[in-house]
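Enquirer: Protein chains in written order, with our numbering: chain H, 2 to 251; chain E, 3 to 788. No residue lacks a Cβ here, since even glycine has one placed at the ideal position from N, Cα and C. All of these numbers come straight from a predicted model, not from anything done at the bench.
(1) Hey, how far is the Cα of residue 240(E) from the Cα of residue 56(E)?
(2) For residue 52(H), decide whether its Cβ has a neighbour in chain E, counting only Cβ atoms nearer than 8 Å.
(3) Are the beta-carbon atoms belonging to residue 597(E) and residue 523(E) less than 8 Å from one another?
(4) What are the complete beta strand (DSSP E) segments, minimum 3 residues, inside the segment 47 to 90 of chain H?
(5) Hey, could you find the ends of the beta strand (DSSP E) residue 105(H) is sitting in?
(6) Any beta carbon from chain E within less than 8 Å of residue 144(H)'s own beta carbon?
(7) Less than 8 Å between the C-beta atoms of residue 730(E) and residue 450(E), yes or no?
(8) Pick helix, strand or coil for residue 569(E), following the three-state DSSP scheme.
(9) In angstroms with no decimal places, state the Cα-to-Cα distance between residue 242(H) and residue 193(H).
(10) Only counting runs of 3 or more residues, tell me where the beta strand (DSSP E) segments fall wholly within the segment 119 to 189 of chain H, in order along the chain.
(11) Does any CB atom of chain H fall closer than 8 Å to the CB of residue 772(E)?
(12) Closest to residue 103(E) by CA distance: which of 253(E), 664(E), 628(E) is it?
(13) If we ignore side chains and look at the alpha-carbon of each, how far apart do residue 18(E) and residue 443(E) end up?
(14) Using a Cβ cut-off of 9 Å, which residues of the segment 117 to 136 of chain H contact any Cβ in chain E, in chain order?
(15) Classify residue 98(H) as buried or exposed, calling it buried when 16 or more other Cβ atoms lie within 10 Å of its own Cβ.
(16) Per the contact definition of three or more C-beta pairs closer than 8 Å, is the segment 85 to 95 of chain H in contact with the segment 117 to 133 of chain H?
(17) Please compile the residues from chain H whose C-beta is within a distance smaller than 7 Å of the C-beta of residue 422(E).
(18) Could you tell me the distance, in whole angstroms, from the CA atom of residue 152(E) to the CA atom of residue 93(E)?
(19) Which residues of the segment 33 to 48 of chain H have a Cβ closer than 7 Å to any Cβ of chain E? Give them in chain order.
(20) Just to confirm, is the Cβ distance from residue 204(H) to residue 57(H) under 8 Å?
(21) Grab the span of the beta strand (DSSP E) containing residue 748(E) for me, first residue to last.
(22) Any idea if residue 773(E) is buried or exposed, counting beta-carbon neighbours within 10 angstroms, 16 or more meaning buried?
(23) Nearest chain E C-beta to residue 75(H) closer than 8 Å, yes or no?
(24) Let's see if you can read the secondary structure: which residues bound the beta strand (DSSP E) around residue 168(E)?
(25) Going along chain E, which residues have a C-beta under 7 Å from residue 22(H)?
(26) Look up residue 327(E) in the DSSP assignment and give the residues it is bridged to.
(27) Could you check the C-alpha separation between residue 54(H) and residue 70(H) for me, to the nearest Å?
(28) Please look up how many angstroms separate the CB atoms of residue 317(E) and residue 375(E), rounded, as I've assumed it's under 8 Å.
(29) Taking the alpha carbon of residue 118(H) as the point to measure from, which residue in 198(H), 52(H), 169(H) has its own alpha carbon closest?
(30) For residue 180(H) versus residue 219(H), is the C-beta distance shorter than 8 Å?
(31) Taking 8 Å as the threshold (C-beta atoms), are residue 45(E) and residue 263(E) in contact?
(32) From the beta carbon of residue 689(E), is the nearest beta carbon of chain H less than 8 Å away?
(33) Checking contacts by CB at 8 Å: is residue 98(H) closer than that to chain E?
(34) Does residue 216(H) have its Cβ less than 8 Å from a Cβ in chain E?
(35) List the residues of chain H that residue 2(E) touches, going by C-beta distances under 9 Å, in chain order.
(36) Is there a Cβ from chain E that is less than 8 Å from the Cβ of residue 69(H)?
What follows is the structure, given as structure tokens:
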């Protein structure tokens, strides 16, 4: 395991790999004057195709803001962010919606399932608006929920609901899978089940995956761990070998 | 200020759209109540004050000619408080500018230039005639205002065939003519009818009544029996040609006013009750739902250790603020509309003063009632939440157990996003039902405002296209031989003429009696065609009466029953006659008999008292003038004039109620749809934001949320149309007006307008909510629920 003291920009130029996410000089400030909160300060970042990145850091370190900007949900105050040839900064609402619809799969901390739709229907909901979706049943099989297809969220456990959310995120075969504290509301064992679902999706769908967590134990799963603090990336860890979720120690 | 109160203020501000629409809903209910009840009380108040001040008589008797000395004997009848004799008669007035001759009535004032003892005049300009002047008269205010007559002006009247000129000494109100109309007309025609009061000697001379009286008016001692007095009076007057005394109930002005008051009382109760009921129901639903949407907050307060009472008080305060706001709006609007409505009565009812009365208890009652229903709605919702274990309440409302999962064969065909609204509708059937009912109830409000036009149209069509087929109706000064009809038929411009014989009668059936006009029609009459319920012509029975179905229902008579008919003319004979047919009518009560049969009953030759005419429209004006010059013509009523008056008078009244009630319909529709959508957004904004994050566009997300409401609206509007028909029937059924029947006719155009108004209001609400959906905070969706 190698730890760099500071994040060099253009990190991958030497390796020859093409970054899919590129961020340069990202700043995000909420409020103004004395009340201004700097969520991101001049942040540079590249993420490679198929990479599994974990954003680690305490509350207020800027990791959610970064994820929101990468997901096309929020705009930086200054700097630029791009997904391949899609400029995310300065894009209008319709373009960002199309970007999320076509390329991004989201997993939220609180699952955000539609209570009046069954597991299968929640997944179909996204499949219906995707360009090249896999069958909903296949996505649910990937997260190990083939036996719960027709259950409503209210009839599923938290871990099961989160796995439905993962299936919903991967059914469109997303280019990017963005997960905001996916295990935050779950216990250890359930969390591991969800994480393996995410890891498997990353592997089998080939989605570039960014996971936010403040649980350092999860870091072992990642190709790269970005430690954040005060709106900056304060450290980068690389793992030549990713741990399987079962191997993680909480 | 406590923290909860601060929360209250912020909640009120955050929910200002809902607060405002709910306040308007309360305001509308309160306004209708305040408006109807206050205008009723004001009208009643004006009537009581004027009747008392002017000493309005309680019993009226007409007699052909009785000596003044008889008045002393009448005064001796037990139970009579005061009696006064006078002379009166029909007049025809030549008034420059009037297109048809003006009908009039001249009454005597006591000798000596004093006010009468009973039915005193209230002068609003000028004075009473000088005791010595026979050419001075007081004129009734309605005609004076319509033609801008002033004291000093002159008026020429033909009394008993003689032309007399009067100088106007004063303008006055009279309790006998609060409502004035030409005889036989149910609506006021101020320009076509005049009342004059002149000194007794002048009037007596004109009608050859010196030393005699033709009318006696009297008041009763407290506790006296009106029926007994009338019976004794009739006995005394019979030898002198008494025409049957009657109580105030049958005095035309009073009867019309009472009918209107009765109608207003019915409407003052039924319409606000219906409306208030609807508003209360909506208030209950909407507020209940709003509290439901705050269940997590309530549960959190409870979890923090707040007892139930301060939480309930907190929401009660919320309701109180909304109710105070709504009631204030409603009371202000209701008082304004009530005063306006009272103003609408001015052309109908001539009172010297008609102050607007708004007793303090009325707005208080309205406000208290709305607070009570609102509080009920909130507390019921609150109780459901407070009963939950705190932990349960803290969790997002458990999605209803959506049965089975599949929607049957439908489920396989539906898109997942279409299933969201469908499950929303089917999964909470009670809530859906309430929403549908709420929106549906907006439709009857609009219909209630608009249908009067349809009813009036249908009324006019039945009475004036189907039944009364002539263009003019001529009253003769006294019954004439039938050849008068042939003479009139020969006048230029007359296309057809039919004679009628009309006599006043008292009709008795079992315990009930009515003063009515019995009309003798020639068999096969074409200018007046009685119709049955299916509007088929009813042949005039040769051996009995054809009577109004409405009358028959009121006096409990069926076809084949026998009624007693007392003729109030001549020898006052009494006959038992069978009811041979029932006929439809709208205005007044029809009682028909074959004219020959009537002449035989009256033991007279072929006499007619009225003539119906069909007239060439091009020659009409010259004809009216020619008729006016004929000495035996007492009055000519022209259908076209009548219809114009009808339109003028009714249009104003109907327009007011149409605008008001349509406005309320919009308030209801917006109130329900907007609040339902806002609550839905409140409950599911998180869900919708999640969908946006997942890549759904704004229109897609809006469609998912609003589709549920659209489904409700689609079901609600047709339901509302059915409810409208039912509620209109209910309100008309509660009417009790003998002067008019309002048919429960609602045109397709009215239904369509009501449906469009409600759809429009729903659409507008949807647009407002749609804008909120567009502003959803996507980032918040990724965070914990609040």
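Expert: With the structure as the only source:
(1) 29 Å
(2) no
(3) yes
(4) 53 to 57, 79 to 84
(5) 105 to 108
(6) no
(7) yes
(8) strand
(9) 18 Å
(10) 177 to 181
(11) no
(12) 628(E)
(13) 24 Å
(14) 117, 118, 119, 121, 122, 123, 124, 125, 126, 127, 128, 129, 130, 131
(15) buried
(16) no
(17) 115, 117, 118
(18) 20 Å
(19) none
(20) no
(21) Unbroken run through residue 748(E): none, as it is neither H nor E.
(22) exposed
(23) yes
(24) 164 to 175
(25) Simply none; closest approach about 18 Å.
(26) None; residue 327(E) has no bridge partner.
(27) 15 Å
(28) That belief does not hold up - the Cβ atoms of residue 317(E) and residue 375(E) are roughly 15 Å apart, past 8 Å.
(29) 169(H)
(30) no
(31) yes
(32) yes
(33) yes
(34) no
(35) The requested residue 2(E) is not part of the displayed model; chain E covers only 3 to 788.
(36) yes
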